[in-house]
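In our numbering, the protein residues as written are 48 to 229.
For glycine and all other residues, C-beta sits at the position ideal for the given N, C-alpha and C.
To start, the structure under review is shown below, and the notes come after it.
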Amino acid sequence: MTEAEQTTTGTPAAAADTTAKGRRRIGVLLAVAAFAYLLDLGSKLVVVAKLEHHDPIEVIGTWLQLEVIRNRGAAFGIGEAMTVVFTVIASAVIVVIARIARKLYSLPWAIALGLLLGGALGNLTDRLFRSPGGLQGGVVDFIAPSGFAVFNLADSAIVCGGFLIVILSFRGLDPDGTVHQD
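Okay, here's the thing in structure tokens:
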């Protein structure tokens, strides 16, 4: 029985629906997430090994430096007493992305969610395994632009993924690949 016959006879409508939308993009999501996560993890390992307990390194004068700090809070060091809350939020983001991934057919959404997932996993790894551990570890931040918060590559992935999600939402593209006009 061909797909057209299956669709007209009412049998496996789900198969016809999948073909109409294209392929699910879970592989892209996981590849982007793995790339972002490993880049973040690798950069933190190098930075901690080579730069921690040293003076900042000037990349572009005082405008951009590499300086290792351990951030137990959120951006700008806000909420240092709420480390466990940030850990729970990162875990919730990962669960939400996993649920969305089941219906993910949009390549741009797969990239955006992959960046978000990789970044969340990067910072969650620090919170779980860095001192003092147990959901309260300090996130390693090291990119220090003058007059701005010190951040890391996981933070960059989260911001880029979030920005892309906002653009996709404004353009009316849903994770399942459909476009709606509001």
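Rounded to whole angstroms, how far is the Cβ of L168 from the Cβ of L175, which I believe are closer than 8 Å? With a Cβ gap of about 10 Å, L168 and L175 do not count as contacting.
P155 bridges to which residues according to DSSP? Answer by DSSP bridge pairing: none, since P155 is not bridged.
Reference I73; option with closest CA among T109, A145, N118 and H227: Looking at T109, A145, N118 and H227, the one whose alpha-carbon comes closest to that of I73 is A145.
Using DSSP with H/G/I as helix, E/B as strand and the rest coil, what is L113? Reduced to three states, the DSSP call for L113 is strand.
When you compare the CB positions of A96 and L164, do they come within less than 9 Å of one another, or not? Taking 9 Å as the Cβ cut-off, A96 and L164 do not qualify as a contacting pair.
Please report how far the alpha carbon of A60 lies from the alpha carbon of L88, in whole angstroms. Only weak support is given to the placement of A60: the predicted model assigns it a pLDDT of 45, under 50, and the question is left unresolved by the model.
Three-state secondary structure (DSSP) of I214: If DSSP states are grouped into helix, strand and coil, I214 belongs with the helices.
Start and end residues, beta strand (DSSP E) containing I135: Checking the displayed sequence, the identity of residue 135 turns out to be Val instead of Ile. First-last for V135: T130 to A148, but that is the alpha helix (DSSP H), not the beta strand (DSSP E).
Distance between L220 and H227 (C-alpha atoms, nearest Å): Separation of H227 and L220 (C-alpha to C-alpha, rounded to the nearest whole angstrom) is 7 Å.
Pairwise C-alpha distance: V115 and G69: Answer to the nearest angstrom: the Cα atoms are 44 Å apart.
Where E127 falls: helix, strand or coil (DSSP): Helix, per DSSP.
So, is M48 buried or exposed, given that buried needs 16 or more other C-beta atoms within 10 angstroms? Any reading at M48 must be qualified, since the residue scores a pLDDT of 45, below 50, and its modelled position is unreliable; the value itself is stated next. Exposed.
Local Cβ density within 10 Å of W156, reported as buried at 16 or more and exposed below that: Flag for W156 reads buried.
Could you tell me whether any Cβ in chain D is nearer than 9 Å to the Cβ of E99? Absent here is chain D; the protein component of the structure consists of one chain.
Simplified DSSP assignment, three categories, for V79: Secondary structure at V79: helix, using DSSP grouped into helix, strand and coil.
Which residues in the same chain have their Cβ closer than 6 Å to the Cβ of D188, if we skip the five residues on either side of it in sequence? Within the same chain, Cβ atoms closer than 6 Å to the Cβ of D188 are found at I116, N118, V197, F198 and N199, the five residues on either side in sequence being excluded.
C-beta contact flag for R71 and L171 at 9 Å: Taking a C-beta distance under 9 Å as the contact criterion, R71 and L171 do not qualify as a contact pair.
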